[in-house]
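Q:
There are 2 protein chains.
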Amino acid sequence: MTLTQLSAFVLVARLGSVKAAASALGVSEPAVSQALASLRKYLDDPLLTRSGGGMAMTPGGSRLLTIAAQMVSLGAEAESAVRSAQGAAEQLRLVAPSTIVEFVAGPLADAFTARSAGSIEVSAGVSATAEMAVLVSQRLADVALGPYLGADRSLGLVSEPIFRCRLVVLAAPDARLRGAPPQWPWLVEPGATDPGSDVSRLLRALGVPESRLSVFPNQTAAWEAAGRGGGVAPGIAHLAVHRLRRRELQVVDVPGTPMELCWHATTPPVDRRSVAAASMRHFLGTPEAMKLLRSPGAGVPPSRFRPPVYVTIWS
Amino acid sequence: MTLTQLSAFVLVARLGSVKAAASALGVSEPAVSQALASLRKYLDDPLLTRSGGGMAMTPGGSRLLTIAAQMVSLGAEAESAVRSAQGAAEQLRLVAPSTIVEFVAGPLADAFTARSAGSIEVSAGVSATAEMAVLVSQRLADVALGPYLGADRSLGLVSEPIFRCRLVVLAAPDARLRGAPPQWPWLVEPGATDPGSDVSRLLRALGVPESRLSVFPNQTAAWEAAGRGGGVAPGIAHLAVHRLRRRELQVVDVPGTPMELCWHATTPPVDRRSVAAASMRHFLGTPEAMKLLRSPGAGVPPSRFRPPVYVTIWS
DNA sequence: ACGGCAAATAACCGATCGCTTAGGCGTGCC
DNA sequence: GGCACGCCTAAGCGATCGGTTATTTGCCGT
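If you read the sequences in order, they're chains C and A.
Each residue of the first sequence is one higher than the one before, starting from 1 at the first, in UniProt numbering.
Each residue of the second sequence is one higher than the one before, starting from 1 at the first, in UniProt numbering.
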C-alpha cells in the first residue's frame, strides 16, 4: 500500500473513471489500472467495480476512500509544512485546558517569545484533559499546563506543580438563586464539557444535569452572562478578580467550593526535552511567569480561538 | 516519501533513538537510519539531529511529526477498515445541518434501512453548509439534505427541492422581551455558529452580536431554555409543533420571519450515484419520507445529541 | 588521548514500484 | 452480429525501496 496507489484510487473514485484519473495524473491508463490492481490485491477487496457507465464502490472501497483521501492530502501537507519550515523559528507547542488558554496562554507566550528574542515561536492549543498527557508523551506537544498528568507512569512524563489557585462559583451580586444548585442555570465555557476538567468534576459532584448547562463560546462570555443575572458561572477565582472588584460578580457559597487546585507543568523527562521545552519549563518557574499566571491577561481574551486540531469527518 | 519511511521517522522521534526504533520495528539499525536518510533527502531537512543523549527535532521535523503520525495511523486504520468491511452492509452517508440531524435524520435512517431490508446502513453526520457540497462532490458523503447546494456548477452536483418549511423565532408565551431584537438573549444550537446556516443569516440580518448568543448543546435544549423564559430561540416551525401546541413556546414576530426555506437533497449526478445514494434519493421523494420530514421524530430527541464528527489529534 | 557507543555511510541484493507498449475481454450500442 | 469504448492483464524495464553486513564518523565520559 503506497501513497501513489492510494492517490490513484482516490482520483478514480472521485472521477468515476480510470481513464479520467490517468489523464488527470498525466500518466497512461494502465498505470492507474495497475495501481488499483495492487491495492485490490493488497487489501483483498475489489474497492471499485465496473458498473454501467462508471465505477461503483464496494463497502470496503467507500470506507477506504474517506481514509485514503485524508492520507493523500496529509502527504501534500507534510511536504509543504517541512519545506516552509526551513530555517524558520523553532516552535513550542503548549497545550492547556480552555480556560488557561483563554486567559494566560497569550501573555505567557508573548513573554516567552520576547525572552527568547523571537527565536522560539509559541503556539497554544486547547485539549481535553484525557488527551493532554498522551499529546506530550507522543511529542505532539512540548509542554502541558494544567492538571497533574503524572499518574500514568508508563508515559514517563514529568508533572510538576507550578501554581495554586481556587475554583469558585460566581454570580451577579443581585442574583436570585432559587432552589438547590442542580436547579440553577449554569453558564459554562466549552471546557466544562470535558469530563476530566475540574469544572465538570464540580458539576458532577453537585449533581447538575446537562440540561441546566448553557455553553458559551468562552469563559468571558459566560461570566458576562452571569453578571447580567443569567445564572451562576464556575471559574478560577483569581482570573475573575477584575469582575469581583468591580462587583459585577460575587462568589456564591456552594458545597465543595472553593476547590483548591494546583496547575502543573508537564513535560517529557529532562533528557528527552527539546531545548524549547526545557527553556519553557524553566521560564514557568520564574517570578515573571508567576506574575503572568496570577494576573489574568488584560482581561480581554481572543474572541475566537481556533485550536490547531485536525478535524475529519467520519475519521 | 513512503509510509515506511514516515513510520520509521515517527518512531525515532517518539523513542528518541534510532536503535530503539529499529528494535521496536524488528529490523536492523541501518534500515531505520537509511529510511531516515531518504526522508531527509527527499524533504531536504535534517528532521532529527543528534544532540547529547538523544535526537532533537528541527522545526521541520516537529511539523512533520504531527502530520506523519496521523498518516501512519490512518494507514493502519485503512487496512482494518477495508478488511472488516468484507461483505458488510453497504453504507450510505448522509450529511445535514445539525437541526435536521437532530430531528429527522434518525427516523429517516431507520425507515430507509427497514425499506432496504437492512442491506444498507445509514449514518448521518453534521456538517457546516460550506462543507456539505464538497463532501458530496468528493464522494465522502452520498447525500446531503439541507440547503440548496447547486450554486457551484463546477462541482457537478444535483440539488433538488424536497421540502418546504419556515424558520421562525420562538419564545415562552409569557416572555418579556425588552428592547430591540439585538438586545434579546438568543438561545441557539451549535449550527447557528455556521455562517452559512439560515439561523446565522437571520441573526446577521437582525444585527445580533455574538455576545448575545448562548449556545446550547442542541436545539431541544435551546427550546427548553426558551420555554423557561431564558430568551428567544430561532428554529424550524414545524419541528417545534409539539411545544407550540402545548403553549410552551410561541412564535415571536420578528422582522424577516417567518423565513421561507426549502430543504434540498443533493447528490452526485445520476450516472455517478451509488446504488445506495440513488435509492435514498428516490426514497426522499416518497410520501413516507415526506411524512417523516413533516413530523419531528417522536417529539423526544435523544437527550444527548452527539454529532458523529470525529476530532482526531493523531489518529 | 583513548575507548565505547550510537548514528551515518557504503556496498550489495532481491522485491516491488511505477511506468511504458501491446493485446485480451466485458459491456453497451447501433 | 459487429463495433467502439474502457478496464484489465501481460511483459518488460529502470528506479527505488527496504533490507542486510561491514565500516566509518562523531560525540561523550573517563
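We treat Cβ as the ideally placed atom computed from N, Cα and C, and that holds for glycine.
As the structure is a computational prediction, the values presented were derived from the model and not from experiment.
1. Can you tell me whether residue 88 of chain C is buried or exposed, with buried defined as 16 or more other CB within 10 angstroms of its CB?
2. Give me the Cβ distance between residue 90 of chain A and residue 121 of chain A, rounded to the nearest whole Å; I'm assuming they're in contact under 8 Å.
3. Hey, does residue 160 of chain C have any beta-carbon neighbour from chain A nearer than 9 Å?
4. For residue 290 of chain A, count neighbouring C-beta atoms within 10 Å of its own C-beta (all shown protein chains included) and say buried if the count is 16 or more, exposed if not.
5. Between which residues of its own chain and residue 16 of chain A is the CB-CB distance below 7 Å, once the five residues before and five after are set aside?
6. Pick helix, strand or coil for residue 138 of chain C, following the three-state DSSP scheme.
7. Are the Cβ atoms of residue 143 of chain A and residue 277 of chain A separated by less than 9 Å?
8. Under 8 Å Cβ to Cβ from residue 150 of chain A, same chain only, skipping five residues before and after it: list those, please.
9. Using beta carbons (cut-off 9 Å, strictly below), is residue 18 of chain C in contact with chain A?
10. Do you know offhand how far residue 78 of chain A's Cα is from residue 285 of chain C's?
11. Mind checking residue 34 of chain A: buried by the 16 CB within 10 Å criterion, or exposed?
12. With 9 Å as the threshold, decide whether the Cβ of residue 233 of chain A is near any Cβ in chain C.
13. Show which residues of chain A have a CB atom less than 8 Å away from the CB atom of residue 143 of chain C.
14. How should residue 99 of chain C be labelled, buried or exposed, when 16 other C-beta atoms within 10 angstroms of its C-beta is the threshold for buried?
15. Contact criterion: CB-CB distance below 9 Å. Does residue 31 of chain C meet it with respect to chain A?
16. Are the region 113-127 of chain C and the region 223-236 of chain C in contact at 8 Å, needing three or more beta carbon pairs?
17. In the DSSP assignment, the alpha helix (DSSP H) including residue 60 of chain A goes from what residue to what residue?
18. What three-state label does DSSP hand residue 248 of chain C in the structure shown?
19. Would you identify the three-state DSSP class for residue 266 of chain C, choosing helix, strand or coil?
20. Output the distance between the C-alpha atoms of residue 141 of chain A and residue 189 of chain C, rounded to the nearest integer angstrom.
21. So the beta strand (DSSP E) residue 125 of chain A belongs to, where does it begin and stop?
22. Return the residue from the list A:36, A:51 and A:50 that minimises the CA-CA distance to residue 44 of chain A.
23. Taking just the CA atoms, how far does residue 176 of chain A sit from residue 184 of chain A?
24. For the region 95-123 of chain A, which residues have a beta carbon sitting closer than 7 Å to at least one beta carbon of chain C?
25. Taking only the alpha-carbon atoms, compute the straight-line gap between residue 262 of chain C and residue 167 of chain C and give it to the nearest angstrom.
26. Can you name the start and end residues of the alpha helix (DSSP H) that residue 9 of chain A belongs to?
27. Roughly how many angstroms separate the alpha carbons of residue 244 of chain A and residue 227 of chain A, rounded to a whole number?
28. For residue 228 of chain C, name the three-state secondary structure that DSSP assigns.
29. Check whether the Cβ atoms of residue 170 of chain C and residue 241 of chain C lie closer than 9 Å to each other.
30. Hey, how far is the Cα of residue 8 of chain C from the Cα of residue 283 of chain A?
31. Any beta carbon from chain C within less than 9 Å of residue 34 of chain A's own beta carbon?
32. Could you tell me whether any Cβ in chain C is nearer than 9 Å to the Cβ of residue 280 of chain A?
33. I want to see whether chain C comes within less than 9 Å of residue 274 of chain A, judged by CB atoms only; does it?
34. Under a Cβ-count criterion, where at least 16 other Cβ atoms within 10 Å of its own Cβ denotes burial, should residue 66 of chain C be classed as buried or exposed?
35. Kindly indicate the opening and closing residues of the alpha helix (DSSP H) around residue 257 of chain C.
36. Consult DSSP for residue 185 of chain A and reduce its assignment to one of helix, strand or coil.
A: With the given structure in hand:
1. exposed
2. 7 Å
3. no
4. exposed
5. 54 and 55
6. coil
7. yes
8. 157, 158, 159, 264 and 266
9. no
10. 44 Å
11. exposed
12. no
13. Those do not exist, as residue 143 of chain C stays about 13 Å from chain A at its closest Cβ, beyond 8 Å.
14. buried
15. no
16. no
17. 59-84
18. coil
19. strand
20. 32 Å
21. 120-126
22. A:36
23. 10 Å
24. none
25. 10 Å
26. 3-15
27. 10 Å
28. coil
29. no
30. 33 Å
31. no
32. no
33. yes
34. buried
35. Careful: residue 257 of chain C lies outside any alpha helix (DSSP H) and carries neither H nor E.
36. coil
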